[in-house]
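Participant: Before I ask anything, here is the structure I am working with.
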Amino acid sequence: MFIEKLMIERVRNISKLEIRPHQRCNIIVGDNGSGKSSILEAIHFLGFGRTFRKSKISEVIQFEQKDLVVFSSSQNAGADKVQKNFGIKKSKSGDNEIRIGGVKAKRLSQLSSQFPIISFTPDSIDLIEAGPSIRRKFIDWLVFHVKQSELVAQTYRDFDKVLEQRNHALRLGDRKQIHAWTSQFIELNLQIQSYRAEIIGLLNHEFQNSYIQVESSKFNFNPELIYKLGWNSELELKDILARNLETEIKRKTTCFGVHRDDLILELNSVSVKNILSRGECKRYVLAMLLAAENVISKNTDKNCIWLLDDIAAELDFESIKNAFSICNNVGNQMFFTCIEKDLELIKQVTNFGYSVFHVKHGELLN
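As numbered in this note's numbering, the sequence shown has no gaps in its residue numbers, which increase by one up to the final residue, 518.
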């Protein structure tokens with residue numbers, strides 16, 4: 153999917169803005185606080201229904217306004233070149249109004265499925281530094297786009313409901329209800345475990361190559377992403393739950409399951425947290441994202457949209473050049489932000505067509 157026209161209303165300091173992006177590369181230039189990153193945030197709403205920043209929706213919606221709106225006219229990347237309009241309105245209460253082709257959609261996932269959006273921002277290093285939850289979300293996002301199945305999406309929704317009900321029964325100490333919910337809980341766990349294991353296998357296959365390309369080093373590296381189950385993998389989940397029933401009743405929560413899964417990030421069999429510098433961690437994360445893009449492009453007919461916020465401050469010149477080279481081979485649409493002094497650097501590594509947009513006080517200058 154390529155964005156041909158983008159309209160943004162009431163996002164931070166942007167009152168109303170319209171751009172017609174280049175199909176390949178878009179460089180958004182401005183001072184800090186100019187609104188350039190807010191354009192990326194708006195695009196991110198199309199793929200996730202939320203910002204990529206650690207902000208509440210009330211902080212993203214323009215001051216003294218009730219809601220924000222993002223609209224795109226987009227074209228399918230496939231041979232049919234079908235054009236569609238997509239829109240999302242988000243209120244301070246968190247309510248969504250989503251329209252696809254002028255028709256109101258029931259679920260955010262109907263919009264998100266159209267836009268595989270990959271963001272590389274100052275917060276992307278959280279994939280390494282933060283807790284397991286963010287890594288589970290990353291893998292499940294990839295499952296969502298590769299599987300492209302409503303049945304898979306429903307499995308995740310069912311799991312969340314069953315986990316909530318089982319936890320409620322644990323808080324009450326109602327053994328009959330605990331037993332009733334446990335059988336469903338185990339079945340859904342095994343389904344999600346299967347989805348995640350398959351995707352992590354595909355991701356690992358691509359990750360080896362993307363890491364070497366990003367690092368462009370003469371040294372031999374062996375990066376690996378290891379799926380760590382939320383229970384002892386040598387035992388059956390049903391046996392673990394049975395043995396630990398009293399503990400879970402005492403703690404009033406489900407202590408074992410895929411909601412406790414993690415993705416262990418290693419380099420040469422050592423946790424990257426323990427051996428890599430902050431700059432090296434950023435390149436490791438970029439390689440993970442590039443690998444995810446390859447998984448999507450090779451297993452679906454979708455094109456990813458890249459959002460790279462202040463990339464010149466996040467990566468060195470060689471890493472930026474290598475990343476651009478990889479993206480160029482795939483042919484995705486990209487949006488970059490930078491300050492004026494970094495514009496020439498970005499142009500140097502952009503060896504394909506691009507457009508430049510200058511932003512000031514939430515408005516386009518060109």
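Idealized CB from N, CA, C, for every residue including glycine.
State the start and end residues of the unbroken beta strand (DSSP E) segment that holds Pro375.
Facilitator: Mapped onto the sequence shown, residue 375 falls at position 223. From DSSP, the beta strand (DSSP E) with Pro375 extends over 375–380.
Participant: Determine the burial state of His297: buried for a count of at least 16 other Cβ atoms within 10 Å of its Cβ, exposed for fewer.
Facilitator: Walking along the sequence shown from the start, residue 297 turns up at place 145. That one is buried.
Participant: Note the first and the last residue of the continuous beta strand (DSSP E) segment covering Val163.
Facilitator: If you number the sequence shown from 1, residue 163 lands on position 11. Per DSSP, Val163 belongs to the beta strand (DSSP E) from 154–163.
Participant: From the DSSP secondary-structure annotation, give me the bridge partner or partners of Asp219.
Facilitator: Mapped onto the sequence shown, residue 219 falls at position 67. In the DSSP output, where bridge partners are listed per residue, Asp219 has Ser243.
Participant: What three-state label does DSSP hand Glu388 in the structure shown?
Facilitator: Within the sequence shown, the letter at position 236 stands for residue 388. Reduced to three states, the DSSP call for Glu388 is coil.
Participant: Report buried or exposed for Lys242, applying the criterion of at least 16 other Cβ atoms within 10 angstroms of its Cβ.
Facilitator: Start at 1 with the first residue of the sequence shown, and residue 242 comes out as number 90. Flag for Lys242 reads buried.
Participant: Nearest-angstrom Cα distance between Arg348 and Val437?
Facilitator: Counted from its first residue, the sequence shown places residue 348 at position 196. Counted from its first residue, the sequence shown places residue 437 at position 285. Answer to the nearest angstrom: the Cα atoms are 19 Å apart.
Participant: Per the contact definition of three or more C-beta pairs closer than 8 Å, is the segment 391–405 in contact with the segment 322–339?
Facilitator: yes
Participant: Going by DSSP, what residue range makes up the alpha helix (DSSP H) through Arg435?
Facilitator: For the purposes of this step, residue 435 is taken as the residue at position 283 of the sequence shown. Where Arg435 is concerned, the enclosing alpha helix (DSSP H) stretches over 430–451.
Participant: Helix or strand or just coil, what does DSSP make of Arg251?
Facilitator: Residue mapping note: residue 251 aligns to position 99 of the sequence shown, counting from 1. Residue state, collapsed to three classes: strand.
Participant: According to DSSP, His510 sits in a beta bridge with which residue or residues?
Facilitator: Translated into the one-based positions of the sequence shown, residue 510 becomes position 358. Val181, per the DSSP bridge assignment.
Participant: According to DSSP, Thr489 sits in a beta bridge with which residue or residues?
Facilitator: For the purposes of this step, residue 489 is identified with residue 337 of the sequence shown, where counting begins at 1. DSSP lists Ile180 as partners of Thr489.
Participant: Out of Asp219, Thr406, Glu492, which has the shortest C-alpha to C-alpha gap to Ile330?
Facilitator: Numbered from 1 along the sequence shown, position 178 holds the residue referred to as residue 330. The option with the nearest alpha carbon to Ile330 is Thr406.
Participant: Does the separation of the CB atoms of Ile179 and Phe488 fall below 8 Å?
Facilitator: Translated into positions along the sequence shown, residue 179 becomes position 27. Translated into positions along the sequence shown, residue 488 becomes position 336. Their beta carbons are under 8 Å apart, which means Ile179 touches Phe488 by this criterion.
Participant: Assuming Ser189 is part of the beta strand (DSSP E), what are its boundary residues?
Facilitator: For the purposes of this step, residue 189 is taken as the residue at position 37 of the sequence shown. Boundaries for Ser189: no beta strand (DSSP E) harbours it, while the alpha helix (DSSP H) harbouring it runs 188–200, taken from the DSSP string.
Participant: State the CB to CB distance for the pair Leu355 and Leu294, rounded to an integer number of angstroms; the pair is presumed to be in contact (CB under 8 Å).
Facilitator: Numbered from 1 along the sequence shown, position 203 holds the residue referred to as residue 355. Numbered from 1 along the sequence shown, position 142 holds the residue referred to as residue 294. About 7 Å separates the two Cβ atoms, so the contact holds.
Participant: Along the chain, where does the beta strand (DSSP E) containing Asp414 start, and where does it finish?
Facilitator: Within the sequence shown, the letter at position 262 stands for residue 414. It spans 414–419 - the beta strand (DSSP E) in which Asp414 sits, taken as one unbroken run.
Participant: Quick one: grab the DSSP three-state call for Phe267.
Facilitator: Residue 267 sits at position 115 when you count from the first residue of the sequence shown. Reduced to three states, the DSSP call for Phe267 is coil.
Participant: With the cut-off set at 8 Å, would you say Ile280 and Val424 are in Cβ contact?
Facilitator: The residue you call residue 280 lines up with position 128 of the sequence shown. The residue you call residue 424 lines up with position 272 of the sequence shown. Yes, they are a contact pair.
Participant: Exposed or buried, Leu303, counting other C-beta atoms within 10 Å across all chains shown (16 or more means buried)?
Facilitator: Translated into positions along the sequence shown, residue 303 becomes position 151. Taking all protein chains shown into account, Leu303 has fewer than 16 neighbouring C-beta atoms within 10 Å of its C-beta and is therefore exposed.
Participant: Would you tell me roughly how many angstroms separate the C-alpha atoms of Leu381 and Gly254, rounded to the nearest one?
Facilitator: Indexing the sequence shown from 1 puts residue 381 at position 229. Indexing the sequence shown from 1 puts residue 254 at position 102. Going by the C-alpha atoms only, they are around 42 Å apart.
Participant: Going by beta carbon distance, what residues of the same chain come within less than 6 Å of Asn474, once the five residues before and after it are set aside?
Facilitator: Residue mapping note: residue 474 aligns to position 322 of the sequence shown, counting from 1. Once the five neighbours on either side are set aside, the close Cβ partners of Asn474 are Gln365, Val366, Ser368.
Participant: Run through DSSP, which three-state label would Lys256 get?
Facilitator: Residue numbering aside, residue 256 sits at position 104 when the sequence shown is read from its first letter. Lys256 falls in the strand class under three-state DSSP.
Participant: Per DSSP, what are the beta-bridge partners of Lys236 in this structure?
Facilitator: Here residue 236 is taken as the residue at index 84 of the sequence shown, counted from 1. For Lys236, which the question treats as bridged, DSSP gives the partners Ser226.
Participant: Taking only three categories from DSSP, how would you classify Lys168?
Facilitator: The sequence position of residue 168 within the sequence shown is 16, counting from 1. Of the three classes helix, strand and coil, the one that applies to Lys168 here is strand, per DSSP.
Participant: With the cut-off set at 8 Å, would you say Asn237 and Gly201 are in Cβ contact?
Facilitator: Counting from 1 along the sequence shown, the entry for residue 237 is found at position 85. Counting from 1 along the sequence shown, the entry for residue 201 is found at position 49. Not a contact, by the Cβ cut-off of 8 Å.
Participant: Cβ atoms of Leu198 and Ile166: under 8 Å apart, would you say?
Facilitator: Here residue 166 is taken as the residue at index 14 of the sequence shown, counted from 1. Here residue 198 is taken as the residue at index 46 of the sequence shown, counted from 1. Taking 8 Å as the Cβ cut-off, Ile166 and Leu198 do not qualify as a contacting pair.
Participant: Closest to Leu516 by C-alpha separation, out of Glu350, Ile160, Met153, would be which residue?
Facilitator: Sequence index remark: in the sequence shown, residue 516 carries index 364 (1-based). Considering only alpha carbons, the answer is Ile160.
Participant: Select from Val422, Arg412, Ser224 the residue whose C-alpha is nearest the C-alpha of Phe311.
Facilitator: Numbered from 1 along the sequence shown, position 159 holds the residue referred to as residue 311. Comparing Cα-Cα distances from Phe311 to each of Val422, Arg412, Ser224, the minimum goes to Arg412.
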